[in-house]
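A.B. asks: Mind looking over this structure? Questions follow.
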């Protein structure tokens with residue numbers, strides 16, 4: 001459903017999901033998206049945004065309930081984050097570690113991550129991404 005067909009807060013959340021999902025990767029166009037018509041591009045952006053919302057909500061829940069950043073549940077959602085990035089690029093260890101630091105050290109990214117989530121979530125995500133990068137990436 002197009003965000004304009006939703007009402008009230010549902011429309012806002014849907015629009016923000018698209019914005020948050022693309023803002024966190026710099027509004028890049030996914031590979032192959034250039035061949036899509038406008039409706040298909042919007043649907044893809046909406047799905048990417050929804051996936052980000054699901055991932056970030058799960059990270060927030062794990063963080064808020066005190067699950068360690070190296071816990072298998074946290075590492076599973078970070079794996080999904082890593083796969084989500086595949087819409088735009090495939091990071092190696094070094095670039096994923098840089099992204100993790102950027103999520104904390106760049107105010108624009110930290111504010112996006114923590115806007116509707118607990119303060120400190122960006123650092124928690126960074127720590128989880130760091131564990132993931134060192135254990136799973138080259």
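Numbering (UniProt numbering), first residue to last: 1 to 138.
Using N, Cα and C, we set each Cβ at its ideal position, and we do this for glycine too.
Please read all numbers here as calculations on a predicted model, not as lab measurements.
Would residue 126 be called buried (16 or more neighbouring beta carbons within 10 Å of its own) or exposed?
C.D. replies: It is buried - the Cβ of residue 126 has at least 16 other Cβ atoms within 10 Å.
A.B. asks: DSSP three-state label for residue 87, please.
C.D. replies: Note: residue 87 maps to coil in three-state DSSP.
A.B. asks: Do you know how far the Cα of residue 86 is from the Cα of residue 120?
C.D. replies: Approximately 25 Å, taken between the alpha carbons.
A.B. asks: Contact between the region 99 to 108 and the region 48 to 66 is defined here as three or more beta-carbon pairs at a separation below 8 Å; is this criterion met?
C.D. replies: At 8 Å Cβ cutoff, the stretches do not touch.
A.B. asks: What's the call for residue 135, buried or exposed, on a 16-neighbour Cβ count within 10 Å?
C.D. replies: So residue 135 counts as exposed.
A.B. asks: Does residue 79 pass the burial test, meaning 16 or more other C-beta atoms within 10 Å, or should it be called exposed?
C.D. replies: Burial call: exposed.
A.B. asks: Whose C-beta lies closer than 8 Å to the C-beta of residue 123 among residues of the same chain, with five residues either side of it excluded?
C.D. replies: So the qualifying residues of the chain are 104.
A.B. asks: Quick one: Cα of residue 113 to Cα of residue 88, how far?
C.D. replies: The alpha-carbon atoms of residue 113 and residue 88 are separated by roughly 18 Å.
A.B. asks: Among 99, 110, 37, 46, whose alpha-carbon lies nearest the alpha-carbon of residue 133?
C.D. replies: The candidate whose alpha carbon is nearest that of residue 133 is 99.
A.B. asks: Go ahead and label residue 128 buried or exposed: buried means 16 or more other beta carbons lie within 10 angstroms of its beta carbon, across all protein chains shown.
C.D. replies: Under this definition residue 128 is a buried residue.
A.B. asks: Skipping 5 residues on each side, what residues in its chain have a beta carbon closer than 7 Å to that of residue 26?
C.D. replies: Confidence at residue 26 is low in this model, with a pLDDT of 48, below 50, so its placement is unreliable and the value that follows should be read with caution. Taken in chain order, the list of residues that qualify is empty.
A.B. asks: With distances taken Cα to Cα, identify the nearest neighbour of residue 90 among 70, 42, 137.
C.D. replies: Ranking 70, 42, 137 by Cα distance to residue 90 puts 137 first.
A.B. asks: My output table needs one value for residue 56: the three-state DSSP class, helix, strand or coil.
C.D. replies: If DSSP states are grouped into helix, strand and coil, residue 56 belongs with the helices.
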